[in-house]
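J.: When we follow our numbering, the leftmost residue of the sequence shown carries the number 1494, and every step to the right adds one. Virtual Cβ for every residue (Gly too), placed ideally from N, Cα, C.
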Amino acid sequence: MTDRSPAPANRKLERAIILQLLAGEEDQRRASAQLAAAFAAEAHAFDTALAGLVEAGLVCIEGAEVWASAAAQRMDELGLIGI
């Protein structure tokens, strides 16, 4: 069995991305490039973090738009996501 946990630096970026997506209105879509610029993250690091969130089912992507999945939104509503 392999460890699929993200590296600590990616974990921090993943956390920041999901919190940013949950900070607005429900089902608020953001441009991926705009989100990446907000964190001033290196492109590869941002893409890796975003891919990890998509693989985990926390983030959805369509074209250039990114948004928190229904599951992530529900967990946030239940107060299970926080800093």
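1. Under 7 angstroms from any heavy atom of the ligand ZN, does the C-beta of W1560 make it?
2. Helix, strand or coil for E1535? Go by DSSP, reduced to three states.
3. Check the C-beta distance from L1506 over to I1574 and give it rounded, since I have them as a contact under 8 angstroms.
4. Take the Cβ of G1517 as the centre, count every other Cβ of all protein chains shown within 10 Å, and call the residue buried at 16 or more, exposed below.
5. Label L1571 either buried or exposed according to how many other C-beta atoms from any shown protein chain fall within 10 Å of its C-beta, with 16 as the threshold for buried.
6. Please confirm whether L1551 and A1563 have their CB atoms less than 8 angstroms apart.
T.: Per the coordinate set shown:
1. Absence of the ligand ZN is noted for the structure shown, with no ligands found whatsoever.
2. Taking the first residue of the sequence shown as 1, we reach residue 1535 at position 42. Of the three classes helix, strand and coil, the one that applies to E1535 here is coil, per DSSP.
3. The count along the sequence shown starts at 1 and reaches residue 1506 at position 13. The count along the sequence shown starts at 1 and reaches residue 1574 at position 81. Going by Cβ atoms, the distance from L1506 to I1574 rounds to 16 angstroms, so no, they are not a contact pair.
4. What you label residue 1517 is simply residue 24 of the sequence shown in a count that begins at 1. Burial call: exposed.
5. Position 78 of the sequence shown holds residue 1571. When all chains shown are included, L1571 counts as exposed.
6. Your numbering for residue 1551 matches position 58 in the sequence shown. Your numbering for residue 1563 matches position 70 in the sequence shown. The answer is no: Cβ separation not under 8 angstroms.
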